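Position one of the sequence shown corresponds to residue 0 (numbering that gives the first Met the number 0), numbered consecutively onward. Where a beta carbon is used, it is the ideal one built from N, C-alpha and C, also for glycine. Because the structure is a prediction, the values reported are computed rather than measured.
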Amino acid sequence: MSTRTVETHRAHIQQKLHRTSRAELVRYTLDRGLLET
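Spelled out as structure tokens, the structure:
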């Protein structure tokens with residue numbers, strides 16, 4: 000998978016979750032236990 004594809008997927012996920020920054024997206028995933036630190 001190319002970097003561009005990953006960035007596109009991330010951008011679409013951000014739009015669907017109404018997150019304006021990567022930091023907000025990371026916080027969202029951490030708060031819901033979807034990502035481990």
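Cα-Cα separation between tyrosine 27 and leucine 33, rounded to whole angstroms: 8 Å
Glutamate 35 in three-state terms, based on DSSP: coil
Go ahead and pull the three-state DSSP assignment for arginine 18. coil
Return the CA-CA distance between alanine 22 and methionine 0, expressed in angstroms with no decimal places. 23 Å
Could you give the distance in angstroms between the alpha-carbon of arginine 3 and the alpha-carbon of arginine 9? 10 Å
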